[in-house]
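> Could you have a look at this structure, given as structure tokens, before my questions?
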Amino acid sequence: MSTPLTADFIVDPYSVPLDSIDVSDSRMFLHHTAWKAYFERLRNEDPIHFQKESDFGPFWSITRFEDIQFVDKHHELFSSEPAVVIGDMTEELPLEMFIAMDNPRHDEQRVAAQPVVAPKNLAEMESLIKERVDIILDSLPIGETFDWVDKVSIELTGQMLATLFDFPQEDRRKLTYWSDLALDLPEVTGGDGTHEVRNAGLQECFQRFNELWEERTKLSDAERADKFDLISLLQNSEKTKDMVDRPMEFLGNIMLLIVGGNDTTRNSLTGGILAINKYPDEFEKIKKNPGLIPNMVPEIIRWQTPLSHMRRIATQDVELGGKTIKKGDKVVMWYASGNRDERVIDNPDAFIVDRPKARHHLSFGFGIHRCMGNRLAEMQIRITWEEILKRFEKIEVMKEPSYVKSNFVKGYTELLVKLTAK
Amino acid sequence: MIKIIFKEHSGAVHEVTGTEGESLMDVAMNNMVPGIDGDCGGDCACGTCHVIVAADWANKLAQANGEEDALIGMTPDKQDGSRLACQVVLNGDLDGMEVTLPEFQM
């Protein structure tokens, strides 16, 4: 493992006292085994773990699958306001987004955005995704080392996002840039970003989307009714048609859809490549039987768990696993831990393409905030793997990956690979 | 035994049986009826066991609770008779019930 760690991060969780374990330390995720070991200890010894002090204030860690499902499902006991990441958003830009709203506002806004990923749209997107995957995969160098994150994962998710917003394709990397900025602050997710860079980036993002909104308003109602991009959908819905007049809500929801459609799929596309290198027999299985791909897709999404957590605030005192969570306490559901819970998932660290009940994972969350783009994400990953298998005999990871420094986005900044053509 | 008739979106029909107390989702899963995902394992937490119960049978079922309504509300292709199969528990009155599966589970 080549990722450097500063001296004061301790890789072995069993060498520190249980009550001082702090799984919000984003450095834990820079190390490919540390986070697993830390969560394993909590699941076994203190599954509902209270952290008195952290960079994000006091909080509860929920680490077992079934407890996470309970918290996620009971939105009346656990509020999603004002934020769903461990740190609160900064006051200079108090973004508002429906993932971080309770009802009734949550439902109003979600229902407005949902049709973009409705079956009718998904069917239309399928051939478009395939065309783009074909172009991207055909352009890759054979026998040369290159970065899969940059050339495939970012490229593909960036093109898809530009399509979802009907945003100019030539500027798609802007979407990726803004997505990366959105949560990258020390006090929000333990990232290394600065307020200056983030504010400037989000300002630019806001301007671009304001312009896009203005352009769309010039369309006639009939023209707009035919459009299925997210901006047009917001404009077509009574509850959200004036959202542009509420800038923090407008920007917040744009950022939600950018981040939601970007980091997650991107890191699952990369994670799958790492997984088949760590479990080469599974790659052989899938090569022999591509019919397993639809089962492999949820297994990738579980194994990767591209978002480590979601956070809630208790709306009343709640008894859970023998502990009392007090009204007002911050509660963090560690999906990354629940998806490795040996009580629910056999041999959970292993990547098994024909795993039974592979869909039974936490990566999409449960309850009313469950991922809206799950089917689109699965479709992108499925098509990518179908096309990979047609072209490549081998995808060899050349070096351990570099990881994102975040306790929220669980992903990669670089994965160097070398391809062998079929 | 209680007979249930599942109709896929494609029109394919599966006539299967279950026992009192089982959920409609269990019956579909136990009989390999395709088109139901049941991601959360039957906990009314994901909405991926969406079915449409024929009008004649829908009024024989216990009312959906708030949780179930909330999840069905998020499904773009919801219709009259939409239910989550994990929340429909079999009893003798439901013998012969017809249930249609949506094109996609969301």
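Chains H and B, in that order, are what the protein sequence lines are.
Just so you know, this note's numbering puts 177 at position 177 of the first sequence, and the rest follows in order with no gaps.
Heads up, this note's numbering is the position in the second sequence plus 1000, with the first residue counted as 1.
The beta-carbon is built from N, C-alpha and C at its ideal position, and this holds for glycine as well.
Would you say H:Gln69 lies against chain B (beta-carbon separation less than 8 Å)?
Cβ-Cβ to chain B under 8 Å: yes for H:Gln69.
> By Cβ distance, which residues of its chain are closer than 7 Å to H:Lys287, with the 5 residues on each side in sequence left out?
Here the set comprises Leu389.
> Quick check: the region 81-88 of chain H against the region 336-344 of chain H, are at least 3 beta-carbon pairs closer than 8 Å?
The answer is no - the region 81-88 of chain H does not touch the region 336-344 of chain H, with fewer than three Cβ pairs under 8 Å.
> Can you check whether the C-beta of H:His360 is within less than 8 Å of a C-beta belonging to chain B?
Cβ-Cβ to chain B under 8 Å: yes for H:His360.
> In angstroms, rounded to a whole number, what distance separates the CA positions of H:Arg216 and H:Arg266?
If you take the alpha carbons of H:Arg216 and H:Arg266, they lie about 28 Å apart.
> Does the contact criterion of 3 or more C-beta pairs under 8 Å hold for the region 1049-1069 of chain B versus the region 84-92 of chain H?
Flag = no, the region 1049-1069 of chain B and the region 84-92 of chain H do not touch.
> H:Met28: which of H:Val417, H:Phe408 and H:Leu419 sits nearest, CA to CA?
Among H:Val417, H:Phe408 and H:Leu419, the Cα nearest to that of H:Met28 is on H:Phe408.
> H:Ile368 CB to nearest chain B CB: under 8 Å?
Judged by the 8 Å Cβ criterion, H:Ile368 is in contact with chain B.
> Is H:His195 buried or exposed, if buried means 16 or more other CB atoms sit within 10 Å of its CB?
So H:His195 ends up on the exposed side.
> Between H:Phe167 and H:Arg302, what straight-line distance do the alpha-carbon atoms span, to the nearest angstrom?
The straight-line gap from Cα to Cα measures roughly 30 Å.
> Going by beta-carbon coordinates alone, are H:Tyr412 and H:Thr270 separated by less than 8 Å?
Yes; because the gap between Cβ atoms is below 8 Å, this pair is in contact.
> The alpha helix (DSSP H) spanning H:Ser127 covers which residue range?
Residues Pro119 to Asp138.
> Please identify the residue among B:Ala1055, B:Asn1091 and B:Thr1048 whose C-alpha is closest to the C-alpha of B:Glu1068.
Taking only the C-alpha atoms, the option nearest B:Glu1068 is B:Thr1048.
> In the DSSP assignment, find the unbroken alpha helix (DSSP H) run with H:Arg302 in it and report its ends.
Ile293 to Gln304 is the extent of the alpha helix (DSSP H) around H:Arg302.
> Counting only Cβ pairs nearer than 7 Å, list the residues of chain B close to H:Arg375.
In chain order: Phe1104 and Met1106.
> Using a Cβ-Cβ cut-off of 8 Å, state whether H:Gln109 counts as contacting chain B.
No, H:Gln109 lies away from the interface with chain B (no Cβ there is under 8 Å from its Cβ).
> I'd like to know whether the C-beta atoms of H:Phe364 and H:Arg370 end up nearer to each other than 8 Å.
Yes.
> Could I get the ranges of all uninterrupted beta strand (DSSP E) runs contained in the region 1065-1102 of chain B, with 3 residues as the minimum, in chain order?
Complete beta strand (DSSP E) runs here, min 3: 1082-1084 and 1097-1100.
> One question on the structure: do H:Gln51 and H:Ser61 come within less than 8 Å of each other, judged by their Cβ atoms?
Yes. Within cutoff.
> Can you tell me where the alpha helix (DSSP H) holding H:Gly272 begins and where it ends?
Per DSSP, H:Gly272 belongs to the alpha helix (DSSP H) from Asp263 to Lys278.
> Considering only residues of the same chain and omitting the five flanking positions on each side of H:Thr3, which have a CB-CB separation below 8 Å?
Below a pLDDT of 50, predicted positions are generally treated as unreliable, and H:Thr3, at 41, falls in that range; the measurement from the model is reported next regardless. If we look at H:Thr3 and ignore the five residues flanking it on each side, its Cβ neighbours are Leu30, His31, His32, Glu400, Ser402 and Tyr403.
> With a threshold of 16 other CB atoms inside 10 Å of the CB of H:Ser462, please say whether the residue is buried or exposed.
Because chain H in this structure spans residues 1 to 422, residue 462 of chain H falls outside the shown range and cannot be described.
> Suppose you measure from the CA of H:Lys174 to the CA of H:Ser268; what does that come to, to the nearest Å?
So the alpha carbons of these two residues sit roughly 21 Å apart.
> Would DSSP call B:Gln1063 helix, strand or coil?
Here B:Gln1063 sits in coil by DSSP.
> For H:Ala182, does the three-state DSSP call read helix, strand or coil?
It is helical.
> Less than 8 Å separating the beta-carbons of H:Val71 and H:Arg343?
No, they are not a contact pair.
> H:Arg391 and H:Lys422 - do their beta-carbons sit closer together than 8 Å?
Yes.
> Spatial neighbours of H:His75 within its chain, please: C-beta separation below 6 Å, excluding the five flanking residues on both sides.
Closer than 6 Å at the Cβ level, and outside the excluded window around H:His75, lie Gly367 and Ile368.
> Using a Cβ-Cβ distance cut-off of 8 Å, determine whether H:Gln316 contacts chain B.
By this cut-off, H:Gln316 is not an interface position.
> Are any of the Cβ atoms in chain H nearer than 8 Å to that of B:Ala1028?
No, no contact with chain H.
> Taking the beta carbon of H:Lys73 as the centre, do at least 16 other beta carbons fall within 10 Å, making it buried, or is it exposed?
H:Lys73 is buried by the Cβ-count criterion.
> CB-CB under 6 Å to B:Gly1005, same chain, minus the five flanking residues each way: which ones, in chain order?
Contrary to the premise, residue 1005 of chain B reads as Ile rather than Gly in this sequence. Contacts found: Glu1015 and Glu1098.
> What does B:Gly1018 pair with, by DSSP beta-bridge criteria?
In DSSP, B:Gly1018 forms a bridge with B:Ile1002.
> Sorted by chain position, which residues of the same chain lie with C-beta nearer than 7 Å to H:Ser237's C-beta, five sequence neighbours on each side aside?
Here the set comprises Ala112.
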